[in-house]
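Step one of this worksheet: look at the structure below.
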Amino acid sequence: MGQTSENESNITIAGKTETFLPDFCHIKIVFAVIIIAELLAFVLTLATPSARGGDWSYLSLISIYILWIALTSTAMLCWLRPHLARLNDNTAGLLAFFLLLLITALFSELAFQVSQHFGEGALQINMSHAEFFSRNFAICAIASLLTLRYFYLQHQLKLNIEAENQYRLQALQARIRPHFLFNALNTIASLIRRQPERAEEAVEDLSDLFRHTLNNVDARLPFSTEVEIAQRYLDMEQLRLGERLKVEWNIDAIPQDAALPSLTLQPMLENAVCHGIEPISQGGVILVHGERKGDKLKLTITNPLAEAEQGTQRKRQGLHIALDNTRQRLLAHFDEDGRLTTKQHNNQFEVTLRFPYQPNQDHENTHRR
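Here it is, written out as structure tokens:
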């Protein structure tokens with residue numbers, strides 16, 4: 290499959306090690322295998338140098354034969370996945386390849402024996418035992434190598450996306466806005482003499498915020514922890530903006546242990562403050578609303594827009610950075626089930642996060658920390 294380093298041969302997502310082989314237990318992979326098998330059956334039928342090449346009965350027989358091999362191989366790879374996941378890519382790929390050849394050999398022998406004892410008409414195999422075996426082995430080897438190579442390239446693409454998202458997250462974590470830090474420190478300094486207890490609480494909030502943002506670079510956090518991080522940030526901004534900043538939470542529908550990529554909610558609220566509340570002299574209200582439909586979760590953050598941004602739809606570069614980072618990280622963690630969309634209507638800017646409910650296994654430990 291090519292030379293890879295130890296760090297590149299396996300990837301870890303949400304605490305699970307993955308080889309380049311996909312999850313053959315997943316219904317989408319099973320469906321993809323069926324489609325590939327049917328396409329191979331069509332190609333072999335059309336390539337048959339006889340009148341039966343266009344025979345529907347021949348197509349049905351070869352389809353059944355290939356599907357039995359494909360589905361049996363899928364079931365075996367699903368069953369062996371925990372063991373294959375502990376191996377490097379080259380070893381796992383070779384074992385999968387030889388497993389496919391072995392299953393093909395077993396079904397080839399079964400098909401040949403059935404043809405010899407019961408074969409009449411379309412069931413009859415008009416070639417020798419060795420020719421039949423060598424033909425099936427060659428087809429299986431070529432199809433298997435091409436398929437495994439495709440899975441390997443997809444795996445490498447996923448590694449690249451993961452690495453890019455790690456760099457983006459590190460940049461996002463290092464991008465706590467300097468003016469926010471300076472404003473927070475100035476606010477704390479002004480409170481030291483007038484309200485020393487409140488100043489001490491503000492220092493603790495700022496410390497907790499930085500502790501969370503500098504840790505857990507590649508982890509998933511429970512939704513409750515993400516909310517806690519966001520509230521620490523809002524507490525600091527509340528000291529600066531006062532009554533101009535109001536936040537309404539309606540998130541009871543979101544399970545507290547729902548897993549999210551770390552630092553997902555706070556950047557969305559930071560954008561709402563910087564691009565919505567701060568430019569408006571009278572301030573406004575940020576709405577955070579959560580919904581659940583089965584295992585599908587939806588989180589919406591809505592903020593008002595200043596008149597200048599309503600007319601021109603002008604956005605700062607920081608808005609794009611945070612939104613693009615969060616969108617890519619949701620996609621990397623949840624595949625197509627994780628999405629981020631935005632829309633602007635009635636002088637409001639709305640960000641919607643959609644992701645599946647996946648309980649965070651370290652919820653209790655994370656919460657205690």
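Numbering-wise, the sequence shown is residues 290 to 658 according to the numbering used here. Cβ atoms here follow ideal geometry from the backbone N, Cα and C, with glycine treated the same way.
Contact between Ala491 and Thr476 holds, with the beta-carbon distance rounding to 7 Å and staying under 8 Å. Relative to the Cα of Tyr646, the nearest Cα in the group Glu580, Asp613, Thr630 belongs to Glu580.
In the DSSP assignment, Asn539 forms a beta bridge with His578.
When the five nearest sequence neighbours on each side are left out, the beta carbons in the same chain lying within less than 6 Å of the beta carbon of Leu480 are those of Arg487, Ala488, in order along the chain. Under the three-state reduction of DSSP, Phe623 is assigned to helix.
Arg509: member of the beta strand (DSSP E) spanning 509-511, first to last residue.
By the CB criterion at 7 Å, Ser362 and Leu389 fall inside the cutoff. Rounded to whole angstroms, the gap between the alpha carbons of Tyr456 and Gln443 is 20 Å.
Partner residues in the beta bridge of Ala548, as assigned by DSSP, are Pro511. Between Asn649 and Arg509, the gap from beta carbon to beta carbon is short of 7 Å.
Residues Tyr354 of the same chain have their beta carbon placed closer than 7 Å to that of Ala400, with the five preceding and five following residues left out of the count. In the DSSP assignment, Leu356 falls within the unbroken alpha helix (DSSP H) covering 345-373. Annotation for Val640: the continuous beta strand (DSSP E) segment containing it runs 637-645.
Non-local beta-carbon contacts of Val322 in its own chain, meaning distances under 6 Å to residues more than five positions away in sequence, involve Ala359, Thr363 in chain order. Only residues of its own chain outside the window of five on either side were considered, and among them Leu619, Arg643 have a CB closer than 7 Å to the CB of Arg628, listed in chain order. For the pair Leu549 and Ala519, the CB atoms are not nearer than the 7 Å cut-off.
For Asn592, there is no enclosing alpha helix (DSSP H); the enclosing beta strand (DSSP E) has its first and last residue at 585-593. Residue range 628-634 is occupied by the beta strand (DSSP E) that includes Leu629. Rounded to the nearest angstrom, the gap between the Cα atoms of Asn377 and Leu384 is 11 Å. Cβ neighbours of Val640 within its own chain (closer than 6 Å, five residues either side excluded): Met557, Ile590, Thr631. The shortest CA-to-CA distance from Ala336 to any of Ser404, Ile351, Ile324 is the one to Ile351. Apart from sequence neighbours up to five positions away, the residues of its chain that approach Ile543 with a beta-carbon distance below 7 Å are Phe512, Gly579, Arg581, Leu586, Leu588, ordered along the chain. Residue pairing by DSSP places Pro648 opposite Ala547 in a beta bridge. Between Phe623 and Leu310, the alpha-carbon positions lie close to 17 Å from each other. Taking Thr393 as reference, the option from Leu329, Trp357, Asp541, His406 with the minimal CA-CA separation is Trp357.
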